[in-house]
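This report refers to the structure that appears directly beneath it.
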Amino acid sequence: MFDYIIVGAGLAGSVMAERIACELNRKVLVVEERNHIAGNCYDEMDPTGILVHRYGPHIFHTDHEDVFRYLSGFTEWRDYQHHVLGFIDGVKVPLPFNFNSMEKLLPEGLSRRIQDKLLERYNYGSRVPILELLNDKDPDVRFLADYVYRKVFLNYTVKQWGLRPEEIDPEVTARVPVVLSRDDRYFTDTYQGVPREGYTRMIQRMLNHENIKVLLNTRHSEVLELRDDKFNFMGREFQGRVIFTGKIDELFNYSHGRLPYRSLDLQFERLDTEWFQEAATVNYPNDYDFTRITEFKHLHPAESEKTVTLREYPCKHDEGNDPYYPVFTDESRMMYGKYRELAEKIENLTLLGRLAEYRYYDMDDVVKRALEVFEEEVR
Ligand code: FAD
Ligand code: UDP
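Sequence positions in the sequence shown follow numbering that gives the first Met the number 0 and run 0 to 378.
This is how it looks when you write it as C-alpha cells:
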C-alpha cells in the first residue's frame, strides 16, 4: 500500500514526503504523534489576529540558494530582518554585541580604543566567537571579552543549558558572535524572512499531494514494530523504507539510556496594548528566570489593538515536555554513536532531522539535509 513510511510531519519529514511523492511518484504514509503538522515550526492564528509560533520564534535565514528556491515553491516570503536587543544593566543594546552596543555601555574613550585594537587584529565586519576573544593577550580587548562574557553569555547560557559557556560545544555560543561593525541584524544570511502565511501553511502545501497520507495523533510504535532489525507494519514485514525523524533513543526503547535535551516552558501572554517592546525579541541574560521575550507582531504585522508575547523558561527535558535542544557532551555523543550502530543494522531505515540525527539544526540545515539524503539514500 505504502512505499515509504515517514515518522514525523516536521520540516524534515515533510520535505522528504514531498520529494518522494512528486519526484518518485511513490506512496508515502506520514505518521505524526502531535495533533498537527509542521513540527516545531508550527504556527497558528491567535484570536487577536496575530500569527503566533507555538514552539518559539522561528526566523528563516540561509545562504543556501537551493534551499531558498525549494521552499519558495511553497510560500511567498515576508521580507524580515531579525533584530534582537539584550537587556544589560538596565539598558537595551543590540545583539549580537557590536560597536553600537559597546558605545551604549562603555565610556566613549575606552570604547574607541577597544574598537581600534580589535580592528588591528580583525577586518571590519568580522564575527568573532566570544570564547576566541577571551584568549586575546591585549588587556583592553580582554577587558571587553570578559565584560561581554559576563554580561551577555554567562548567565544566559547557564539558564539555557544548565552549563557554563566553556562547558558546552563552542559552536553553540559561536552562533552569536561579537560583531566588529555597526550591523544590528541578528542574522546576516543572504535570504531571510518568514513565510507570508506562516510555516504551517507552507508545510501544508508540501504535504498536499495525492501520494501522501498523513496520520496525526499517532506515535510510530502504534503502526510500526521493530523486531530482529526488521520493521513490521500492520502485522506484516514492511519492505519499503522507513524515514524516522523522531528521537533515535525512543526508536530503540532507550536501550542505551536517554539522550539529554533541553526543553522550554513556553509562556504566552495576550496583552491589551498595541505594542509591548521595541524589537521582535529581547534577551534577558542576567535578570529573571526566562531567557527572552518575543513579540510576534514584529514578525507578522497585524491590525490589532492587542499584542502577544512569549517568555521562554529553559528546563530539562523529561517525559512531560518536548525535546528542543540536544545537549552535547562526550557522554551524549558516545551514546548517540551506539544508537547509530543499532540503526546501521536496519537496512531500510533512514534517520533525518534534529532529533534523529541529534544535531542543532536550523530550518535551512534541515531542508538542505533532507534534499541531500533524498538524492543520496532515497532516490
Ligand atoms: P521537528 O520540528 O521536531 O519535527 C519532528 C516531528 O516528529 C514532530 O512533529 C514530532 O511530534 C514528531 N515525532 C517525534 N517522534 C515521533 C514518534 N515517535 N512518532 C510520531 N511522531 C513523532 N530554526 C531556524 O532556522 N530559525 C529559528 O529562528 C529557529 N528558532 C527555533 C526556536 C526554538 C525554540 C526551537 C526549539 C527551534 C528553533 N529552530 C529555528 C530550529 C527548527 O525548529 C528546527 O530546525 C526544525 O523544526 C527541525 O525540523 P525536524 O523535522 O527535524 O524536527
Ligand atoms: N547566547 C547567550 N546570550 C544571548 C544569546 C545567546 O549566551 O543573549 C548563547 C546561549 O548559549 C545560546 C547560544 O548562544 O544557547 C545560541 O543562541 P541562539 O540565539 O542562536 O539560540 P536559539 O535561538 O537557537 O535558542
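All C-beta atoms, glycine included, are put in the ideal place defined by N, C-alpha and C.
Nothing here was measured: the structure is a model prediction, and the numbers come from that model.
Proximity winner among the options, relative to residue i (alpha-carbon distances)
i             : options                        : result
arginine 380  : Thr199, Cys40, Leu225          : Nothing can be reported for residue 380, as the shown portion of the chain is limited to 0 through 378.
threonine 47  : Ile345, Gly7, Glu294, Leu348   : Glu294
arginine 368  : Met44, Ile49, Asp65, Asp2      : Asp65
leucine 351   : Met0, Asp2, Ser13              : Ser13
glutamine 159 : Cys314, Gly245, Val92, Phe243  : Cys314
glycine 9     : His316, Met233, Val29          : Val29
arginine 257  : Asn285, Lys229, Val326         : Val326
tyrosine 324  : Thr199, Asp286, Thr349, Asp264 : Asp264
arginine 77   : Asp88, Ile58, Leu84            : Ile58
glutamate 165 : Phe152, His297, Val92, Leu215  : Phe152
methionine 44 : Phe86, Tyr146, Arg200, Gly161  : Arg200
glutamate 371 : Thr349, Asp183, Arg181         : Thr349
aspartate 2   : Gly239, Arg68, Tyr360, Glu346  : Gly239
Integer-rounded CB distance, given that residue j should sit under 8 Å from residue i
i                 : j             : result
proline 95        : leucine 130   : Not confirmed; about 14 Å, so no contact.
phenylalanine 275 : threonine 328 : With 8 Å as the limit, phenylalanine 275 and threonine 328 do not qualify as a contact, their Cβ atoms being about 37 Å apart.
tyrosine 148      : valine 366    : Tyrosine 148 to valine 366, Cβ: 33 Å. No contact.
N-terminal and C-terminal residue of the beta strand (DSSP E) that residue i is part of
i             : result
histidine 60  : 59-61
leucine 350   : 348-350
valine 6      : 3-6
tryptophan 76 : 76-78
leucine 70    : Careful: leucine 70 lies outside any beta strand (DSSP E), inside the alpha helix (DSSP H) at 64-71.
methionine 44 : 42-44
lysine 435    : What the structure shows of the chain is the stretch from 0 to 378, and residue 435 is not part of that stretch, so it cannot be assessed.
leucine 28    : 27-30
glycine 245   : Run containing glycine 245: none; DSSP gives neither H nor E here.
lysine 384    : This structure cannot speak to residue 384, because the chain is shown only from 0 to 378.
Opening and closing residue of the alpha helix (DSSP H) in which residue i lies
i                 : result
lysine 103        : 98-104
threonine 306     : Careful: threonine 306 lies outside any alpha helix (DSSP H), inside the beta strand (DSSP E) at 306-315.
glutamate 119     : 107-120
phenylalanine 142 : 138-147
glutamate 170     : 169-173
serine 262        : No alpha helix (DSSP H) holds serine 262; the beta strand (DSSP E) holding it covers 260-270.
Burial state of residue i, where buried means 16 or more other Cβ atoms lie within 10 Å
i                 : result
phenylalanine 267 : exposed
valine 90         : exposed
methionine 101    : buried
glutamate 375     : exposed
tyrosine 260      : buried
glycine 197       : buried
asparagine 282    : buried
lysine 246        : buried
glycine 38        : buried
Whether or not the stretch 299-306 and the stretch 332-348 are in contact is what I'm after, with contact meaning three or more pairs of Cβ atoms, one per stretch, closer than 8 Å; do they touch?
With the cut-off at 8 Å, the stretch 332-348 and the stretch 299-306 do not touch.
With a threshold of 8 Å, are at least 3 pairs of Cβ atoms found where one atom belongs to the stretch 247-255 and the other to the stretch 338-347?
Touching, yes, given that three or more Cβ pairs across the two stretches are closer than 8 Å.
Are the stretch 20-38 and the stretch 202-211 in contact at 8 Å, needing three or more beta carbon pairs?
Touching, yes, given that three or more Cβ pairs across the two stretches are closer than 8 Å.
Give a yes or no on contact between the stretch 70-87 and the stretch 117-134, applying the rule of three or more CB pairs nearer than 8 Å.
Judged by pairs of C-beta atoms under 8 Å, the stretch 70-87 does not touch the stretch 117-134, as fewer than three such pairs exist.
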